[in-house]
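Presented below is the structure to which this report refers.
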Amino acid sequence: MTELEKNIEIIKEISGSDPYKCMRCGKCTASCPAYSEMDIKPHQFASYIIRGDLEELIDSKAAWKCLSCFACIERCPRDVQPGKLVDATRQIVARQRGGDYLQPEEVPELLAEDLPQQLLVSAFRRYRR
Amino acid sequence: MKYSYYPGCTLKNKAQDLDKYARASAVALGFELEEIPEWQCCGGVYPLGSDEIATKLSSVRALNYAKEQGQDLITLCSACHHVLKRVNDDMKNVEDIKNRANNYCEFDEPYQGETKVLHFLEVIRDVIGFEELSKKVVNPLEGRKIGAYYGCLTLRPGKILDFDDPENPKIMEDFIRALGGEPVVYSMRNECCGGYTALKDPDFTKQRTEQIFDDSTGFGADCLITACPLCMYNLNKSEAKSKVPVYYFTELLAEALGVMEGA
Amino acid sequence: MQKIGVFVCHCGTNIAATVDVKKVVELVRYEPGVVFADDYMYMCSEAGQEKIIEAIKEYGLTGLVICSCSPRMHEKTFRACAEKAGLNPYMVEVANIREQCSWIHKDKEEATKKAVILARAAIAKVNLNTPLQEGESPVTKRALVIGGGIAGIQTALDIADAGYEVDIVEKEPSIGGRMSQFDKTFPTLDCASCILTPKMVEVNQHPNITLYTYSEVEKVSGYVGNFDVDIRKKARSVDFGKCTGCGECQTKGPLGKIGNIPSEFDRGLKNRPAIYMPFAQAVPAVPVIDRENCTYFKTGKCGVCAKICPSKAVDYEQQDEIVTVKYGAIVVATGFDIINLDKYGEYAYNECPDVITSIELERLMNAAGPTGGHLERMSDHKAPKEIVFIQCVGSRCDDDKGKPYCSKVCCMYTAKHAMLIKDHWPDTNITVFYIDVRTPGKNFDEFYRRAVEQYHVNYIKGQVGKVKPQPDGSIIVQAADLLDGKQINKKCDMVVLAAAIEPNPGVRKIATMLTASIDNNNFLTEAHAKLRPVESPTAGIFLSGMAQGPKDIPETVSQAGAAAVKVVGLLAKDKLKTNPCTAQCDTLLCNGCSTCANVCPYGAITYEDVQVNDHGLRETRRVAQVNVALCQGCGACTSACPSGAMDLQGFSNRQITTEVDAICR
Amino acid sequence: MSMNEEKKEFRPLIVAFCCNWCSYAGADLAGSSRLSYPADVKIIRVPCSGRVNPMFILRAFERGADGVIICGCHPGDCHYSTGNYYARRRMALLFSMLEYMGIENGRTRVEWCSAAEGAKFSKTMNEFCEKVKSLGENVRLGDLRCKN
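Chains as they are written, first to last, in the working numbering: chain B, 1 to 129; chain D, 1001 to 1263; chain W, 2001 to 2665; chain Y, 3001 to 3148.
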């Protein structure tokens, strides 16, 4: 097994998803409601991982723009479930780099009067370790 | 019929309407909600990473509690529904998560996904039945054209949540029909409202909700119903020209059953 | 004691790369019974066989062990080779050291070790082999073709033209199958019915062909050359002899021409009455009464069609009839359908009448179709100006909704549809969303390029995410152009789905009746994927058309011809050699308990009173007798026999036990 | 590999009875598709799973096999119509008797595998080997006279 394949194994383990199953049909990207916000599109996650361009993925803002709406997961015809690859990227950043996307100090000024608790909890889960 | 009830954090605060009308309606429909004592927040989103354990434990505790009571577990909030059902599926089918969570929790006997998790709407559909519900309606919502807004968390992933057809659901439409209203079917009903990105990208959620209002009102909806406090927040924040009132489904239920006052 | 020769094949490097063949030769040389052992590059080649023949003669070999590929591949070859040298062909055993050893193991030492063990097992078995004589069985010179689509029609015509009798069983009221629903065919744009109808008529008039339409195969027994088939002729409720096919009953019935039952032939785009012919060119041109939907059969009141019929052909009293016919060979040509799209809610097929499948489009464009060939939206009958085609709907899926295979014909028929639409209605814009455009085939890619270059069909790479019906009656197709990196919301007024193809759902039941193997996708399995593509592993069963796998019309027709040749090759023989590996009863051990007869699937075991001499004790006993002409050698009786009297030649108790011993040594 | 190392890892001896029409063909497909499984598995070809006499299985265990697997056509797909049904019932009885005699259920198995299921064949064999390996050497029905 090459070094790259070993790294991909790790991502496979975290995500529970196999990027090699992707056939580049783009149904995920077609379905993605956050398309306009994502610098790397959902269908590209599999190819970035396979090519070993993990750094670029980790530096992208795409991982933080995913809404976790599961549309890509639901519709993927190859069972790659791109949303899981996106989340794995987020995990890698949060775990290894501590690069949280949301700092507690930011919260007070973002708070709105009627903001539901669910929003804050979700945002902390998604944006932080 | 008694059910364990998991209200979740938001229903205790910003979404009290969702909760109180549900409780009043449950009484009218003849079933009892027993709130789980000392429940902990589900976390709002399901941790997708297959090696995430700690973040799933609060759900496991609630699920195990319901098992000990010998009751099915009801939720209302679409996020809690999503998280509880998925963690339950993990505890049933994913050997590694099951073992590690049980090792940590040290219950009297290991929890293996025995509890049945139900959304309030599923109880109405599968236990009470829409026909029975319509018989109990005292103030039918006649003439109201109501769009069901499902969002994402109640439906997907369809295989695990098993709530309804994730691409072409009909449970809320049937519900509206049972209450005497006219359901409005539109294609954005299962598209994301923008979710938690409202915190850092409020403009983006505004774009999304505008599309939802445009589509639903285009088909003639004069109001929307939802089961999700976050969808409710985002839809309410919308500045869309086509904006119409948004209700929790339980509010219309209480109205139709004539139990608004007591709630 | 046998004199056994062991021959180890290199199979080029297929075996030799992972198995040390020289070592195998060295290690088996001193096994009991072995008098000669050698290896060679290609044992199955002429030179290899020559080597075997020489060795048989030189060493007086009485048994052979060939260590090579699977016996399913070359057992026949080596048996014939033995026979050439005057050795009984059943004195040959094959040790499978390729498929079950060299190809699946990487470690040379381990693979060599296993190869030696497999060889030892085969040697041990040959030591107990006895010469067997093949029997003979007669051949019924008549073939059955199941399915009356283009595959079945062509197979039947080719067999009939060769001079043999052939019957077609078709479950629909008419032959013609899917092809009769099509408008034009790619890549030459011939009109489908113009080339199919003459063949349908020819079938009907051919002296060697008998048609059983509105009929189903109910039961199959027997074996190659001697099948007994029960065919259920469903009650047509119309007398074949009297009906003139005038069509009065359909047009002047209670609902007139309209009817109230969705027409299967027009894919529900049009209704039909309860008494109907599926289409005007139906063969036979005799209507049927769909009893489930007929008012007379439901309520006992009506009877209008019987009154109208000028020739008094309507017969409400008709009953299903079962006929039993003998056949020598059976061809499965059960064809295909498209998958159910209920699981693809994102394409809004069930919600929106203007989202249609390609077969529905065929009907809409067909001059004999529900709109008389005018392409229109089913919702408002307006002509669509902007049409989107979505490819691979349910094909190439690895989830639980779709099919894992490529349906093969969609890329081409979509290009065909696009061009035909542009030909008839040049002011229509057409967009095709594809994953890959696959056009291998003669003049195929040229055809697709013509759609792009001459007809300006817009091909966009990217699967569609969602089809969104709009309040104004239009449809928005949400997709992404992967090559240009753009999300697209394409507004259109009609969407055509290239739904995946699947084998006819009834094929599983038929395969079970025929004991023909079928794969996970319900396609029938070939005897060999490359070398025997039109034969089932079950002798006497042949495959034709989509039942075997997705294919287009020319391929279907060629396969139909190939299947016909195989059938003719079988029917041309007067006698077939039978498998000599049949059961045998040891009369001294048999206690006449009937257990074996109860488990025998072929009724090959009978009981007879025979005189036995049991160690000097002479008496009459009731013992089992095997009819070797009927016995197929499954061995069910041998394991069921409580006294060990039944044994199977070629796979005897002692032979298998000795193999077990050799492996466990 | 030295003798010492060889002793370290337990390699089970597994006998597989495969019917000629489905599972033996499935094994061939596993081979031509290069889907590997341990060399511990040795296949014996029989015409039908219904041909597998319980005697053969007892004999295998007696002679030192660690696991025995019988593969046939899927229910309903038997080339001889019913052989696999008989095998299924017969083996259910035999296996429960073997368990009574101390041969764990994990050492015996009946599996259906069609001619088209090379992947399933390989997967089944890998799983079965793993299982038998985890149970260790079979000593309970060994004929002591046949062992060194």
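Yeah, the Cβ is synthetic: ideal placement off N, Cα and C, and Gly gets one too.
According to DSSP, what are the bridge partners of residue i?
i	result
W:CYS2191	W:LYS2184
W:LEU2211	W:ILE2168
W:HIS2528	W:ARG2532
W:CYS2067	W:VAL2008, W:ALA2095
Please say whether residue j and residue i have beta carbons closer to each other than 7 Å?
i	j	result
D:ALA1022	D:LEU1076	yes
B:LYS136	B:ARG75	For residue 136 of chain B there is no data in the structure shown, the boundaries of chain B being 1 and 129.
W:VAL2496	W:LEU2375	no
W:TYR2214	W:LYS2234	yes
B:PRO33	D:CYS1192	yes
W:LEU2514	W:VAL2220	yes
D:GLY1147	D:ALA1263	no
W:ILE2553	W:THR2251	no
D:ALA1227	D:THR1154	yes
W:ASP2230	W:ALA2313	no
By the three-class DSSP mapping on this structure, what secondary structure does residue i have?
i	result
D:SER1004	strand
W:ASN2340	coil
W:ILE2435	coil
W:PHE2523	coil
W:LYS2491	strand
W:CYS2352	coil
D:GLY1147	strand
D:TYR1196	helix
W:TRP2425	coil
W:PHE2651	coil
B:GLU13	helix
W:ASP2380	coil
B:SER47	helix
W:ILE2605	strand
W:ILE2322	strand
W:ILE2117	helix
7 Å is my cut-off, CB to CB: does residue i come that close to chain D?
i	result
B:PRO42	no
W:LYS2442	no
B:ALA30	no
W:LYS2468	yes
B:GLU74	yes
Mind checking residue i: buried by the 16 CB within 10 Å criterion, or exposed?
i	result
B:LYS65	buried
D:PHE1120	buried
W:GLN2454	exposed
Y:PHE3010	exposed
W:SER2643	exposed
Y:ASN3148	Low local confidence applies: a pLDDT of 48 at Y:ASN3148 is under 50, so the model's placement there is unreliable, with the coordinate-based value given in what follows. That one is exposed.
W:ASN2520	exposed
Y:HIS3079	buried
So is residue i in contact with chain B if we call contact Cβ pairs under 7 Å?
i	result
W:LEU2497	no
W:ILE2150	no
D:GLU1191	yes
D:LEU1141	no
D:CYS1009	yes
Could you tell me whether any Cβ in chain W is nearer than 7 Å to the Cβ of residue i?
i	result
B:GLY16	no
D:ASP1096	no
D:ASP1165	yes
D:SER1050	no
Tell me, please, whether the CB atom of residue i is closer than 7 Å to any CB atom in chain Y?
i	result
W:PHE2651	yes
W:ALA2645	no
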